[in-house]
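If you read the protein sequences in the order shown, they are chains A and B.
If you read the first sequence in the UniProt record's numbering, its first letter stands for residue 1, the second for the next number, and so on.
If you read the second sequence in the UniProt record's numbering, its first letter stands for residue 1, the second for the next number, and so on.
C-beta: ideal position from N, C-alpha, C; glycine also.
Computed from a predicted structure; not experimentally measured.
Protein chains: 2
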Amino acid sequence: MRTVDVDARAAKATAILDAAARCFAERGFAATRTADICALAGMSSGNLFHYFPTKHAVLLALVERDGAETNASMAELAQADDPFGALLVLLDEICRLAGDPLYSGLALEISAVAHRDEEVAARFKANDIAFRGGLAALVRRADAAGQLSTTLSAEHAATWLAALVDGMFARVAADPEFDAPAQAAVLRRVVAQLLGGVVA
Amino acid sequence: MRTVDVDARAAKATAILDAAARCFAERGFAATRTADICALAGMSSGNLFHYFPTKHAVLLALVERDGAETNASMAELAQADDPFGALLVLLDEICRLAGDPLYSGLALEISAVAHRDEEVAARFKANDIAFRGGLAALVRRADAAGQLSTTLSAEHAATWLAALVDGMFARVAADPEFDAPAQAAVLRRVVAQLLGGVVA
């Protein structure tokens, strides 16, 4: 039953990625051993190498998975009847993710590693370009629908939206008292003012 | 002549810090050897250890120096007759610094190292608290002078200003086309809208 084999293999790879995400977020990429990942994934040490050649390959796969998930969300939002509303909902969701220690911990670890690792940096930048492209498309549609009033180009607006998202994650890292989900209303307001949009 | 000795010693320590800042910004903390720092500072290998016990101590001293410089700037701005104008000038200056590869490279390297180094993180967070305290003081004075119209508390406003500054630096890291100094006018506008202030 080849399909079952393929499904089982994919499920194991997913279990490894989920376990690695938690290890990298909590103790960092450098301090994580592949044996730690295997233990958390409930498989014997060394089993990981049937799925990924190195710990580094696991990290790259996590960056790629994050990019694929973001692209899927952006593609769904791109269909929304109310594009500015969809943008605000996306920002709410990002505030929620920034408040999740597992998600923000992994995102910050990936940023830190990307700072000195060219392969990670290249995939991280590709995700960033795709994310900004999706934001710009939403802004363009919202503008075409008469929902915005801004002199910024869609690309320039997307850059500022990305800066605001980055700023949220940086605040999570710098300030233990920063409660990202509680900031969603202020972020909505900042974005509405930036784009001359109306918050429903 | 003890004073001359003390001055000469301080000048050497400063030369080491300047050289280390460039090395850490360009090749990273981990990849920099103390011999690299000495070579760039024009002193013989090992001379550094008369001034700093370890490479790590050099990094901590750089974080402290950055904090002291920020505090000095904030203290000067705190005297300004036009506090909201002073805040906007500060943001212009930060955009300029974000566009300086040496400054932004070091800032991003320190953030990355702080992510997994408790001592660096503790000083980095102390600097951040002092920076936000200075921002909050400026906001409070601007509000008292009738220059603002915002429902945010001074501390909450300072947190958002810090998020915007962090976001600028994150964009520099993520996007090689992001020109921070060219964004100063947009940053002024975002901040004016956030605080209900008027840009002169």
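Test: residue i CB closer than 8 Å to a CB of chain A
{"i": "VAL58 (chain B)", "result": "no"}
{"i": "THR32 (chain B)", "result": "no"}
{"i": "GLY28 (chain B)", "result": "yes"}
{"i": "LEU62 (chain B)", "result": "no"}
{"i": "ALA112 (chain B)", "result": "yes"}
{"i": "ARG96 (chain B)", "result": "no"}
Chain B residues whose Cβ lies nearer than 8 Å to that of residue i
{"i": "ASP128 (chain A)", "result": "ALA174 and ASP175"}
{"i": "ARG171 (chain A)", "result": "THR159, ALA162, ALA163 and ASP166"}
Three-way DSSP call (helix, strand, coil) for residue i in this model
{"i": "ALA180 (chain B)", "result": "coil"}
{"i": "PHE24 (chain B)", "result": "helix"}
{"i": "ALA185 (chain B)", "result": "helix"}
{"i": "GLN147 (chain A)", "result": "coil"}
{"i": "residue 219 (chain B)", "result": "Residue 219 (chain B) lies beyond the stretch modelled for chain B, which goes from 1 to 200, so this question has no answer here."}
{"i": "HIS156 (chain A)", "result": "helix"}
{"i": "MET168 (chain B)", "result": "helix"}
{"i": "ALA31 (chain A)", "result": "coil"}
{"i": "residue 208 (chain B)", "result": "The displayed coordinates of chain B run from 1 to 200. Any statement about residue 208 (chain B) would go beyond what the structure contains."}
{"i": "ASP175 (chain A)", "result": "coil"}
{"i": "SER41 (chain A)", "result": "First, the amino acid is wrong: residue 41 (chain A) is Ala here, not Ser. In the structure shown, ALA41 (chain A) sits in coil (DSSP, three-state: anything other than H, G, I, E or B)."}
{"i": "VAL4 (chain A)", "result": "helix"}
{"i": "VAL190 (chain B)", "result": "helix"}
Any chain B beta carbon closer than 8 Å to residue i
{"i": "ALA20 (chain A)", "result": "no"}
{"i": "VAL190 (chain A)", "result": "yes"}
{"i": "GLU93 (chain A)", "result": "no"}
{"i": "GLU109 (chain A)", "result": "yes"}
{"i": "MET168 (chain A)", "result": "yes"}
{"i": "LEU194 (chain A)", "result": "yes"}
{"i": "ALA68 (chain A)", "result": "no"}
{"i": "ARG116 (chain A)", "result": "yes"}
{"i": "LEU164 (chain A)", "result": "yes"}
Burial state of residue i (16 or more Cβ within 10 Å)
{"i": "ALA185 (chain A)", "result": "exposed"}
{"i": "ILE37 (chain A)", "result": "buried"}
{"i": "SER111 (chain A)", "result": "buried"}
{"i": "GLU69 (chain B)", "result": "exposed"}
{"i": "VAL6 (chain A)", "result": "exposed"}
{"i": "GLN79 (chain A)", "result": "exposed"}
{"i": "ALA182 (chain A)", "result": "exposed"}
{"i": "GLU109 (chain A)", "result": "buried"}
{"i": "ILE94 (chain B)", "result": "buried"}
{"i": "HIS50 (chain B)", "result": "exposed"}
{"i": "THR3 (chain B)", "result": "exposed"}
{"i": "ALA122 (chain B)", "result": "exposed"}
{"i": "PRO83 (chain A)", "result": "buried"}
{"i": "ARG9 (chain B)", "result": "exposed"}
{"i": "ILE129 (chain A)", "result": "exposed"}
{"i": "ARG171 (chain A)", "result": "buried"}
{"i": "THR159 (chain A)", "result": "buried"}
{"i": "ARG141 (chain B)", "result": "buried"}
{"i": "GLY134 (chain B)", "result": "buried"}
Residues that residue i contacts on chain A, provided the C-beta gap is smaller than 7 Å
{"i": "VAL186 (chain B)", "result": "TRP160"}
{"i": "LEU52 (chain B)", "result": "At residue 52 (chain B) the sequence reads Phe, which differs from the Leu that was named. Under the 7 Å cutoff, chain A gives no residues; its nearest Cβ is about 22 Å from PHE52 (chain B)."}
Interface residues of chain A facing residue i [CB-CB closer than 9 Å]
{"i": "GLY133 (chain B)", "result": "Neighbours of GLY133 (chain B) on chain A: none; closest Cβ ~12 Å, over 9 Å."}
Chain-ordered neighbours of residue i on chain A, where CB pairs are closer than 8 Å
{"i": "GLU119 (chain B)", "result": "Going along chain A, no residue has its Cβ under 8 Å from GLU119 (chain B), so there is no contact; the nearest lies around 15 Å."}
{"i": "LYS125 (chain B)", "result": "ALA174 and ASP175"}
{"i": "PHE178 (chain B)", "result": "THR159"}
Contact set between residue i and chain B, taken where Cβ atoms lie within less than 9 Å
{"i": "LEU88 (chain A)", "result": "Chain B residues near LEU88 (chain A): none, gap ~16 Å exceeds 9 Å."}
Fill in: Start-end ranges of the alpha helix (DSSP H) lying completely within the region 49-110 of chain B, minimum 4 residues
Counting whole runs of 4 or more residues, the region 49-110 of chain B contains the alpha helix (DSSP H) stretches 55-77 and 83-98.
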